[in-house]
Amino acid sequence: MLQNLLNHFRCDLAVDLGTANTVICMVGEGLVLNEPSVVAVQQSEGKILSGGCAVGHLAKQMEGRTPERISVVRPLRDGVIADFELCEAMLRYFLRKTRRPGRRLRPRVLVGIPGCITPVEKRAVFNSVHRAGAGRVWIMPEVKAASIGVGLPIAEPTASMVCRLGGGTTEVAVMSLGESVAAQSIRAGGDRMDQAIVDYLRRHYSLRIGTSTAERLKIDIGSAYSLEEERTVELSGIDAVSGLPRRATITSEEIRQALADPLQTIIEAIKSALDHCSPELAADLVQNGLVLCGGGALLRRIDRFIGEQIGLPVRVAAEPLTAVAKGLLVCMEDFRHWRHWMRSSEEDV
Ligand code: ADP
Ligand code: MG
């Protein structure tokens with residue numbers, strides 16, 4: 644009774660606090676926010692520009708184009724909070740954006756976290772989210788949320804497998820009978836790919852480009868496996884020797900070559916999860932295959948590449964970028980049923 648009354652004044656949120664993007668779903672409404680996890684700050688004072696509003700989409704537009712006294716910062720790195728204060732400020736802004744009239748109580752929040760983070764890093768998540776304006780906070784492994792979000796039959800007595808390719812982390816889990824039976828989580832993801840492109844251009848073209856240009860190249864012409872029609876783009880950067888702006892032409896084959904190392908790291912993570920599977924589970928996986936989600940799943944032909952390397956059927960989830968948040972939302976909607984996957988700050992973390 645009291646619970647029902649309280650629910651009238653507060654909302655329940657599912658927050659995917661990603662290294663690259665923050666996605667928030669609200670119980671009763673669905674997806675309510677999807678913005679880059681970036682902020683633009685004044686260097687001298689460390690304050691967020693525009694009175695705390697230069698966050699998300701607005702800050703992302705400024706990336707790589709700011710005058711010297713301003714920098715665009717990502718408060719999370721490799722899946723964990725790197726700048727505590729900025730993360731809190733960013734979250735406060737996002738939570739304020741999802742506020743609804745009449746709902747005066749602080750929202751209850753479920754946050755997805757990578758499997759590879761330490762107890763201290765988990766504590767930082769609780770503190771940041773709480774200080775940003777949340778009431779009760781729970782955390783849950785995001786790869787488990789992803790397994791629900793992509794629609795795996797996780798409760799069945801058959802193994803199914805999900806791989807989330809995020810900006811800072813890559814996570815793999817094999818699920819059976821409602822639990823994870825093998826998992827792997829590493830601090831490497833899309834950001835490594837961007838860096839690999841930066842390094843490639845410097846080495847082969849003596850050209851300096853920023854990571855946001857590298858990310859654009861990856862998205863525009865990047866691929867994990869040969870394309871039916873290879874592509875070419877012209878880009879500009881700074882000549883590493885003369886220091887002057889210069890143009891260059893680069894092909895999709897070259898970008899693929901640049902991405903070879905980070906892609907191999909992903910394959911190794913998947914193989915290491917498979918190593919922990921019994922022959923019965925492995926036999927199920929031959930049948931059920933692997934589902935990819937996270938932004939990295941959008942890289943051209945990555946399903947084909949991974950499928951060939953590990954010898955399992957691979958497919959990309961329907962909405963790879965929001966799978967984790969959607970899964971967290973399902974858990975928040977049916978709180979009691981999924982409570983055993985969650986941890987609150989008082990519980991042993
Ligand atoms: P996180 O949860 O860590 O924030 P996301 O799942 O939001 O990560 O994915 C972000 C990553 O996906 C970034 O590294 C981004 O560059 C990459 N990405 C997004 N779209 C594409 C695309 N079309 N091709 C390749 N990579 C992409
Ligand atoms: Mg994410």
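By this note's numbering, the letter at position 49 of the sequence shown is numbered 692, and the numbering carries on one by one without gaps. The beta carbon of each residue, even a glycine, is placed where N, CA and C say it ideally should be. Note that this is a predicted model, so its numbers are computed, not measured.
Three-state secondary structure assigned by DSSP to residue i
i	result
residue 856	helix
residue 850	strand
residue 825	strand
residue 683	strand
residue 667	strand
residue 897	helix
residue 807	strand
residue 845	helix
residue 779	coil
residue 839	helix
residue 797	coil
residue 970	helix
residue 833	helix
residue 692	helix
Extent of the continuous beta strand (DSSP E) to which residue i belongs
i	result
residue 754	751 to 756
residue 814	813 to 819
residue 882	875 to 882
residue 866	No beta strand (DSSP E) contains residue 866, which DSSP labels as neither H nor E.
residue 714	713 to 716
Start and end residues, alpha helix (DSSP H) containing residue i
i	result
residue 774	762 to 774
residue 622	Coverage of the chain is limited to positions 644 through 992, which leaves residue 622 absent and any answer about it impossible.
residue 698	Here residue 698 belongs to no alpha helix (DSSP H), and DSSP marks it neither H nor E.
residue 979	978 to 981
residue 791	785 to 792
residue 656	Counting along the chain, residue 656 falls outside any alpha helix (DSSP H), though it belongs to the beta strand (DSSP E) covering 655 to 660.
residue 645	645 to 652
Beta-carbon separation (whole angstroms), residue i vs residue j, contact threshold 8 Å
i	j	result
residue 757	residue 828	6 Å
residue 674	residue 741	About 10 Å; that fails the 8 Å criterion.
residue 665	residue 737	6 Å
residue 848	residue 901	Not a contact, Cβ separation roughly 11 Å.
residue 724	residue 775	In fact, because the Cβ distance is near 11 Å, the residues do not count as touching under 8 Å.
residue 987	residue 781	5 Å
residue 876	residue 893	6 Å
residue 832	residue 812	5 Å
residue 808	residue 939	3 Å
Check: residue i C-beta below 7 Å from any heavy atom of ligand 4
i	result
residue 673	With respect to ligand 4, the structure shown offers nothing to examine, as its ligands consist of ligand 1 and ligand 2.
Quiz item: For the stretch 899 to 967, which segments carrying the alpha helix (DSSP H) assignment without a break, of at least 4 residues, lie completely within its bounds, in sequence order?
Solution: 903 to 918, 922 to 931 and 945 to 953
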